[in-house]
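Notes follow once the structure below has been shown.
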Amino acid sequence: VERGVLATTEGSSQVQIGGTDILCGVKCELLVIEDPLNETERLVFSIDCSANTTPQFIGKGGDKYAEELTDALHFAYDNEGP
1 VERGVLATTE
11 GSSQVQIGGT
21 DILCGVKCEL
31 LVIEDPLNET
41 ERLVFSIDCS
51 ANTTPQFIGK
61 GGDKYAEELT
71 DALHFAYDNE
81 GP
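Those letters in the sequence shown? Residues 1 to 82, per UniProt numbering, in order.
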């Protein structure tokens, strides 16, 4: 695990396990919230799966997988109150 690998982010890391590299970067923006009871869209996720990593991601394969991961993160961090 190596931290601080991307200069254009507030935080980043690279994890290498066997022949697999995972690179993660976090960018942050402060928002002015008009309605404090509305907690939707406070977290926005963007995932990119490089076609260079596996033939499975060539074409739209990586986009589909990235969309599934993004949806899972949105579901996991859905902070809407009752």
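Positions of the beta carbon are idealized from the N, C-alpha and C atoms, including for glycine.
Quickly, what does DSSP pair residue i with across the bridge? List them, please.
i: glutamate 2; result: Gln14
How about residue i and residue j: do their beta carbons lie closer than 7 Å?
i: glutamine 16; j: leucine 23; result: no
i: alanine 51; j: phenylalanine 57; result: yes
i: alanine 66; j: cysteine 49; result: yes
i: leucine 69; j: isoleucine 47; result: yes
i: glycine 25; j: threonine 9; result: yes
Alpha carbon to alpha carbon, what distance is there between residue j and residue i?
i: isoleucine 33; j: arginine 42; result: 9 Å
i: arginine 3; j: aspartate 21; result: 13 Å
i: valine 5; j: aspartate 35; result: 36 Å
Buried or exposed, going by whether 16 or more other CB atoms sit within 10 Å of the CB of residue i?
i: aspartate 78; result: exposed
i: glycine 11; result: exposed
i: glycine 62; result: buried
Taking C-alpha atoms, which residue in the options lies nearest to residue i?
i: alanine 7; options: Asn38, Gly18, Lys27 and Asp21; result: Lys27
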